[in-house]
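Taking it in order: structure first as structure tokens, then the write-up.
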Ligand code: PXL
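In the working numbering, the protein residues as written are 22 to 310.
Next up, the structure:
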């Protein structure tokens, strides 16, 4: 089938965690409901995420990924997007470069999953951080949080609220490393707002989507955000619209979960909110930054 007869296809290179609603467990339903075919390339299988549910059972799938890539090479099937997230080793970073080379016209989205709140996630070595930095320079779109943005720039993570000048400078410096679209998640601004930020180099636009701030953190919200953003871009959203769609969806889903008083370690209750993603109303809550 050619592109006009089938849904756009996205190779998603992330882990599969059994409990805790993160990575492929949330990416697959969110992108599917938005009309994108997701082809999962699991980097590892874990019983849970690594954020507070004890030590997960874990199998690394680097060997599997190598074989899967070789198989896809023989098939020669087109892919409209390659989207990478939680990577476990430098070898897996190299495999992602292999996927980028296999589908050179695909939109390359790198969610540089490395850490949050000023700290690296468990198991992220300096070599792996360097590998993810290098991978990000080849991306069309990156979606770091503030900690990851600092790591990509080789700077110390700064948790103080950002002035508009600082926010713009951060976005521009990240884009100067390669990506056309930079989206920074979860930034506190000196205006008192809590927002996601976007730089769209092609159109020269700086944007923000402001969110209600709730005093709770759930794992997997960054994955959900990047998945909705990616599917929006694949379906023709501008970067500002795609960011706003993802912001609104994560905000609704976090608030829903908060309202149930659910254990935050189990992630967000997207089962309650996935239907929102089928609505056709255009997101327009973004503002210039
Ligand atoms: O949501 C990011 C993420 C993805 N995958 C695994 C994780 C985390 C964050 O804790 O542990 C396995």
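Virtual Cβ for every residue (Gly too), placed ideally from N, Cα, C.
In its own chain, which residues sit with a C-beta less than 8 Å from the C-beta of residue i, not counting the 5 before and 5 after it?
i	result
residue 215	207, 208, 209, 231, 232, 233, 234
residue 150	135, 141, 172
residue 201	161, 162, 221, 222, 223
residue 295	50, 51, 54
residue 277	289, 290, 293, 294
Can you list, in chain order, the residues of its chain whose CB lies under 7 Å from that of residue i, leaving out five sequence neighbours each side?
i	result
residue 238	285
residue 177	171
residue 271	242, 245, 246
residue 43	70, 240, 241, 244, 288
residue 250	164, 204, 263, 264, 267
Do residue i and residue j have their CB atoms nearer than 8 Å?
i	j	result
residue 110	residue 83	yes
residue 130	residue 161	yes
residue 282	residue 267	no
residue 117	residue 67	no
residue 34	residue 105	yes
residue 395	residue 120	Outside the displayed range of the chain (22 to 310) lies residue 395, so it cannot be described from this structure.
residue 195	residue 171	no
residue 289	residue 241	yes
residue 38	residue 69	yes
residue 30	residue 128	no
Can you tell me the Cα-Cα spacing of residue i and residue j, whole angstroms?
i	j	result
residue 203	residue 248	15 Å
residue 301	residue 55	10 Å
residue 165	residue 261	16 Å
residue 26	residue 41	35 Å
residue 48	residue 71	17 Å
residue 229	residue 73	31 Å
residue 85	residue 309	44 Å
residue 184	residue 217	14 Å
residue 255	residue 126	13 Å
residue 212	residue 274	25 Å
residue 90	residue 80	18 Å
residue 186	residue 93	45 Å
residue 102	residue 181	34 Å
residue 168	residue 143	14 Å
residue 28	residue 59	10 Å
On the DSSP bridge assignment, give the partners of residue i in chain order.
i	result
residue 58	30
residue 128	102
residue 221	202, 226
residue 215	209, 232
residue 162	130, 202
residue 136	141
residue 80	66
residue 92	Beta-bridge pairing links residue 92 to no other residue.
For residue i, I'd like the list of residues in its chain whose CB is within less than 6 Å of its CB, leaving aside the five on either flank, ordered along the chain.
i	result
residue 198	158
residue 189	227
Run the Cβ filter for me: residues under 6 Å from any heavy atom of the ligand PXL, listed in the order they occur in the chain. 36, 38, 43, 44, 67, 70, 71, 72, 107, 134, 142, 240, 241, 243, 244
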